[in-house]
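Q: Sequence positions in the sequence shown follow my numbering and run 484 to 630.
Yeah, the Cβ is synthetic: ideal placement off N, Cα and C, and Gly gets one too.
Predicted model only: the values in this text are computed from it and were never measured.
Structure incoming, see below.
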Amino acid sequence: MDDISTFSTGRKHGLLRFWVLNLLTQKQLNGSEIIKEIESNSMGWWKPSPGSIYPLLSKLEEDKLVVRNDDNRYIITDDGRKIVEKHFQRVRHFYNQTNPDDVKSVLENIHSELMFILDSDKPFEGIEEEIQKIENKLNEIKKRLIR
484 MDDISTFSTG RKHGLLRFWV LNLLTQKQLN GSEIIKEIES NSMGWWKPSP
534 GSIYPLLSKL EEDKLVVRND DNRYIITDDG RKIVEKHFQR VRHFYNQTNP
584 DDVKSVLENI HSELMFILDS DKPFEGIEEE IQKIENKLNE IKKRLIR
């Protein structure tokens, strides 16, 4: 059940199992709360569907990695915690992209995204206003560095 390949495929849904388990190490959640947490933690980048969350929760329950309490919230078991502890360092890069711990991590993520854009073969038309907004925010950050 704890095969790392189920966690580190590099695709969003390949890490869903780990992400849910990791969220449950922090607090008890029901399915809709898990969806909201992932959407919030990813700043809207990803909102898993109920069709992916609820079957996953059933499978995690079947595998004895979580249990459901009387108010339909899920609690991670000791076996589930062991999986999170075992694999956290191996998936930390992805996890930090959606849950950065500090400003430097955020900036590293931005740098990676900009490199992706530069490597893209898509045209850059109609993005001047967005670039100006980003430039303004970067200038605000630079001003704080000078103080």
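Residues bridged to Val586 by DSSP?
A: Answer is none; Val586 lacks a bridge partner.
Q: Given Val550, which residues of its chain have a CB within under 8 Å of its CB, disregarding the five upstream and five downstream residues?
A: Glu544, Tyr557, Ile558, Thr560
Q: Pairs of beta-carbons, one from the region 498-505 and one from the region 517-535, closer than 8 Å: are there three or more?
A: yes
Q: Report back the beta-carbon spacing between Asn622 and Asn555 to the nearest angstrom; my notes put them in contact at under 8 Å.
A: No, Asn622 and Asn555 are not in contact; Cβ-Cβ is about 48 Å, not under 8 Å.
Q: Identify whether Ser488 lies in helix, strand or coil by the three-state DSSP scheme.
A: Low confidence applies here, because Ser488 scores a pLDDT of 44, under 50, leaving its location unreliable and the question unanswered by this model.
Q: Suppose the cutoff is 7 Å on Cβ atoms and the five residues either side in sequence are ignored; what does the same chain contact list for Thr492 look like?
A: Only weak support exists for where Thr492 lies, its pLDDT of 37 falling under 50; the coordinates are left without a value.
Q: Residue range of the alpha helix (DSSP H) that Arg627 falls in?
A: 611-629
Q: What does the Cβ neighbour count give for His570, buried or exposed, with the cut at 16 atoms within 10 Å?
A: Residue burial annotation: His570 is buried, with at least 16 other C-beta atoms found within 10 angstroms of its C-beta.
Q: With DSSP run on the structure shown, which of helix, strand or coil describes Leu539?
A: helix
Q: For Pro533 versus Ile521, is the C-beta spacing smaller than 8 Å?
A: no
Q: Would you call Gly527 buried or exposed, if buried means 16 or more other Cβ atoms sit within 10 Å of its Cβ?
A: exposed
Q: So, using beta-carbon positions, are Gly631 and Leu597 closer together than 8 Å?
A: The requested residue 631 does not occur in the structure, where the chain is confined to residues 484 to 630.
Q: Going by alpha carbons, who is nearest to Leu498 out of Ser523, Glu612, Ser535, Gln509?
A: Nearest neighbour of Leu498 by Cα position, chosen from Ser523, Glu612, Ser535, Gln509, turns out to be Ser535.
Q: Assign Leu540 to one of two classes, buried (16 or more other C-beta atoms within 10 Å of its C-beta) or exposed (fewer than that).
A: Burial of Leu540 is indicated by the presence of at least 16 other C-beta atoms within 10 angstroms of its C-beta.
Q: Residues bridged to Leu506 by DSSP?
A: DSSP lists no partner for Leu506.
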